[in-house]
Amino acid sequence: MPRAKLWSDTNLDSVVQLLHRLGVEFSVNDMTREIVLREHDDRVETAVSDWGGDYDERG
Amino acid sequence: MTSVVEKVAEELTPAYMMSLVMDRLYLEGYEIRLDTRGYLDNSMRARLGKVTGNNHLLVAKATDRMGSDLLRDVDFDDSRVALLAVSYFVLKLVDEKLFLDVKDQSVLSALMVVADAEADENPEFNSAMIQTARLKAAKMLDRALQRGLYLHTVVSN
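Protein chains in written order, with my numbering: chain A, 1 to 59; chain B, 60 to 216.
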């Protein structure tokens, strides 16, 4: 497989994927494609002890 | 001067690189243990807690940039070699005392991958692939240092 296909440039999709993995809640503006974080709460600390639900979502 | 965002991104990058390569292998049909991926994610989430919520996006972007750049810097055409090279790279960071958190999941995963690959009976890795991975790991470390990464040692989380 060509290298260019292996690792894409830093882009919205890969950042979105990483944010999912980090358990960060966010949305993507459909018009501007801008990532908007939801208001911060104690989600990260909760996610650390409650991981595992996201890993079957890979497509 | 390294910002907090960049410092945390450096800490996340080894686990992120392992995750990226594992995802690629999964898409290519290889079996990847979900618990290993989960532990890597867990490790990254714990480190993300070092920065405020407002900086999470900046950390994610910086981590993605660092990890993707290092993988692109080294010419991979086999994802199995990429996984092994990233594993050697992570262990090199430890050997060079640039990443001292030996209990980080990226280090533990790297140890497992290397041990598995170097086992005589593993059909997925031959000696040429192992040698190639070691060379690419050395190049990856060079490029990381050239990019100004890991100028400050990463200690325990």
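Ideal placement from N, C-alpha and C gives every residue a C-beta, glycine not left out.
As the structure is a prediction and not an experimental result, all values here were calculated from the model.
Helix, strand or coil for residue i per DSSP?
i, result
"Ser-186/B", "helix"
"Leu-86/B", "helix"
"Phe-158/B", "strand"
"Asp-128/B", "helix"
"Arg-193/B", "helix"
"Phe-148/B", "helix"
"Gly-112/B", "helix"
"Ser-49/A", "Unreliable positioning characterises Ser-49/A in this predicted model, as indicated by a pLDDT of 41, which lies under 50. The coordinate reading is nonetheless provided below. Coil at Ser-49/A, not helix or strand."
"Asp-54/A", "Any reading at Asp-54/A needs caution, since the residue's pLDDT is 45, under 50, leaving its predicted position unreliable; the model's value is listed next. Correct three-state label for Asp-54/A: coil."
"Ser-62/B", "coil"
"Val-133/B", "coil"
"Met-77/B", "helix"
"Arg-202/B", "helix"
"Thr-32/A", "coil"
"Ala-68/B", "helix"
Taking residue i as the reference, which of the options has the closest Cα?
i, options, result
"Met-125/B", "Leu-159/B, His-211/B, Lys-66/B", "Lys-66/B"
"Asn-11/A", "Leu-152/B, Leu-208/B, Ala-119/B, Leu-142/B", "Ala-119/B"
"Phe-158/B", "Asn-113/B, Val-64/B, Leu-208/B", "Leu-208/B"
"Ser-138/B", "Asp-201/B, Glu-87/B, Ala-203/B, Lys-162/B", "Glu-87/B"
"Gly-38/A", "Ser-146/B, Asn-114/B, Arg-202/B", "Per the sequence presented here, residue 38/A reads as Arg, with Gly not at that position. Ranking Ser-146/B, Asn-114/B, Arg-202/B by Cα distance to Arg-38/A puts Asn-114/B first."
"Arg-83/B", "Arg-106/B, Phe-135/B, Ala-121/B, Thr-122/B", "Phe-135/B"
"Asp-13/A", "Gln-164/B, Tyr-89/B, Gln-205/B, Ser-127/B", "Ser-127/B"
"Gln-164/B", "Val-63/B, Leu-71/B, Val-64/B, Ser-62/B", "Leu-71/B"
"Glu-155/B", "Tyr-85/B, Leu-204/B, Ser-186/B", "Leu-204/B"
May I ask which residues mark the beginning and end of the beta strand (DSSP E) holding residue i?
i, result
"Ser-27/A", "26-28"
"Leu-37/A", "35-37"
Taking the alpha helix (DSSP H) that residue i falls in, what are its first and last residues?
i, result
"Leu-167/B", "164-177"
"His-211/B", "Here His-211/B belongs to no alpha helix (DSSP H), and DSSP marks it neither H nor E."
"Gly-97/B", "93-107"
"Arg-21/A", "12-22"
What is the C-beta distance between residue i and residue j, in whole angstroms, given that I count them as a contact (C-beta under 8 Å)?
i, j, result
"Val-133/B", "Met-199/B", "5 Å"
"Met-81/B", "Arg-96/B", "6 Å"
"Val-149/B", "Ala-169/B", "4 Å"
"Tyr-147/B", "Ala-192/B", "6 Å"
"Met-188/B", "Leu-129/B", "That pair is no contact at about 19 Å."
"Asp-123/B", "Val-15/A", "5 Å"
"Ala-196/B", "Lys-151/B", "6 Å"
"Leu-22/A", "Leu-107/B", "5 Å"
With a cut-off of 9 Å, does the C-beta of residue i fall near any C-beta of chain B?
i, result
"Ser-14/A", "yes"
"Val-28/A", "no"
"Arg-21/A", "yes"
"Asp-9/A", "In this prediction, Asp-9/A scores a pLDDT of 48, lower than 50, which makes its location untrustworthy; the coordinate-derived value is nonetheless stated afterwards. Taking Cβ atoms only, chain B reaches closer than 9 Å to Asp-9/A, which makes this a yes."
Would you say residue i faces chain A, with C-beta separation under 9 Å as the test?
i, result
"Gly-207/B", "no"
"Met-103/B", "yes"
"Thr-122/B", "yes"
"Ala-187/B", "no"
"Asp-100/B", "yes"
"Leu-116/B", "yes"
"Tyr-75/B", "yes"
"Ala-192/B", "no"
"Ser-165/B", "no"
"Ser-78/B", "yes"
Does the ligand GDP have even one heavy atom less than 8 Å from the beta-carbon of residue i?
i, result
"Gly-207/B", "Absence of the ligand GDP from the depicted structure is noted, as is the absence of any ligand whatsoever, leaving it without description."
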